[in-house]
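Every position in the sequence shown, counted from 1, becomes a number in this note's numbering once 1477 is added. Note that CB positions come from ideal geometry on N, CA and C, so glycine has one too. These numbers were taken from a predicted model, which means no experiment stands behind them. Reading through the structure tokens given below for one structure.
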Amino acid sequence: MEKNAPIGFFDSGVGGLSVYSKFRNILPFENAIYYGDLKNLPYGNKTQEELIGFARNILDFFKSKDVKAVVIACNTSSALAYDFVKDDYDFKIYPIIQSCAKVIAGMQAKRIGVFATEGTVKSGAYERELLKYKPELEIKAIACPNWVSIVEGVNLVDADFDIKLHLDEMMKFIPDKIILGCTHYPYLLEKLTKFAPRNIFIDPAEIFVDYIKNDLLLTDSCNLGFEEFYVSADAESFIKNSQLFYNVKKCNNLNACIGNFS
Ligand code: DGL
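Take a look at the structure:
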């Protein structure tokens, strides 16, 4: 696959940007296309058939753009559509839940809570994927049907009340960690951390983008771009002193290349 080809990202709306922005930070030279399926938002209450149809339409769109890979940033689509579309395209498809499960299961936690959409919770996808790696885990998934509309700014409920309601229910389970299993939910962290400590929450986006990066590197399809450093003298000391600010690995001594004009 052409390294310069773009990577496609999709989600039902703005939620996937929480994944995209982290991806951009660690792979700034990749070409990228983002698709927000606002016409069909929210995904959380759609049937599996509908979600498979949305995923196919979007993957066909990305195919027409000659992408080298597609990131399903959406948990609901990963839970309910990925298995049915994954073999139909000749580019790699990265689903968020399946890609993060191993790292999350490996964390110091025996009891894991999951906040997700109704669709993701009903699918049992988080339980299925996490238990593959740590069968002794205890997992409780709770659907938060109003949280996407709260984030998208079309909420009809009292956001603080609704958030506390679900969090109180979750805390009775005494979780060691709580996965924010919908890409919209990290936008609610400020509100969530009014009622529970920050370090209890897992935003899978961080784990996900590391997984994608490692996989692209492994398959030699990562576009790292290039950077060149030139100095007019003392390349070795520049490399050594640069470590305070930036990890410069190789530096060209310009005078050595083109002559000394001083
Ligand atoms: N943001 C999506 C997810 O990660 C779906 C939200 C929705 O549209 O209901 O599940």
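Distance cut-off 7 Å: residue i Cβ against heavy atoms of the ligand GTP
i: Thr1696; result: Of the ligands this structure carries, namely the ligand DGL, none is the ligand GTP.
Close beta carbons around residue i, own chain, < 6 Å, minus the five adjacent residues each side
i: Lys1641; result: Phe1672
i: Ile1529; result: Ala1558, Phe1561
i: Val1628; result: His1661, Tyr1664
i: Asp1697; result: none
i: Ala1532; result: Ser1554, Ala1558, Val1562
i: Asn1724; result: none
i: Asp1639; result: Asn1623
Limits of the beta strand (DSSP E) - the one that residue i falls within
i: Pro1681; result: Unbroken run through Pro1681 is the alpha helix (DSSP H), 1681 to 1695; no beta strand (DSSP E).
i: Phe1592; result: 1588 to 1593
i: Ile1716; result: Segment 1712 to 1719 is the alpha helix (DSSP H) holding Ile1716; no beta strand (DSSP E) there.
i: Ala1482; result: Counting along the chain, Ala1482 falls outside any beta strand (DSSP E), and DSSP gives it neither H nor E.
i: Ile1570; result: 1569 to 1572
Range of the contiguous alpha helix (DSSP H) that encloses residue i
i: Lys1617; result: Segment 1615 to 1620 is the beta strand (DSSP E) holding Lys1617; no alpha helix (DSSP H) there.
i: Asp1537; result: 1525 to 1541
i: Asp1565; result: Element bounds for Asp1565: n/a, residue is neither H nor E.
i: Ser1555; result: 1552 to 1557
i: Glu1704; result: Element bounds for Glu1704: n/a, residue is neither H nor E.
i: Ser1698; result: Where Ser1698 is concerned, there is no enclosing alpha helix (DSSP H), given that its DSSP letter is neither H nor E.
For residue i, the three-state DSSP class (helix, strand or coil)
i: Pro1612; result: coil
i: Pro1505; result: coil
i: Ile1651; result: coil
i: Ala1546; result: strand
i: Gly1513; result: strand
i: Leu1642; result: helix
i: Phe1678; result: strand
i: Asp1488; result: strand
i: Ala1729; result: The sequence shown places Asn at residue 1729, not Ala. Looking at Asn1729 - three-state DSSP - the assignment turns out to be strand.
i: Leu1657; result: strand
i: Tyr1664; result: helix
i: Val1634; result: coil
i: Leu1518; result: coil
i: Leu1723; result: Leu is not the amino acid found at residue 1723; the sequence shown has Tyr there. Three-state DSSP puts Tyr1723 in coil, outside helix and strand.
i: Ala1673; result: coil
Anticipated Cβ contact below 8 Å, residue i with residue j, distance rounded
i: Ile1535; j: Ile1573; result: No, Ile1535 and Ile1573 are not in contact; Cβ-Cβ is about 15 Å, not under 8 Å.
i: Gly1596; j: Tyr1664; result: Between Tyr1664 and Gly1596 the Cβ distance is about 19 Å, and since that is not below 8 Å, they are no contact.
i: Asn1729; j: Glu1705; result: 7 Å
i: Lys1455; j: Ile1510; result: In the structure as shown, the chain begins at 1478 and stops at 1739. Residue 1455 is therefore absent and cannot be evaluated.
Same chain, Cβ closer than 7 Å to residue i, neighbours up to 5 away in sequence not counted
i: Lys1499; result: Ala1682, Glu1683, Val1686
i: Met1584; result: Lys1654
i: Ala1556; result: Ile1574, Gly1596, Thr1597, Ser1600, Ala1602
i: Phe1506; result: Asn1700, Leu1701, Gly1702
i: Arg1588; result: Glu1615, Phe1650, Ile1651, Pro1652, Asp1653
Buried/exposed call for residue i, threshold 16 Cβ in 10 Å
i: Ser1714; result: exposed
i: Leu1693; result: buried
i: Thr1524; result: exposed
i: Ala1578; result: buried
i: Pro1652; result: buried
i: Val1547; result: buried
i: Val1591; result: buried
i: Phe1486; result: buried
Below-8 Å beta-carbon distance, residue i vs any chain B residue
i: Asn1718; result: Within the model displayed, chain B is absent; a lone protein chain is all it includes.
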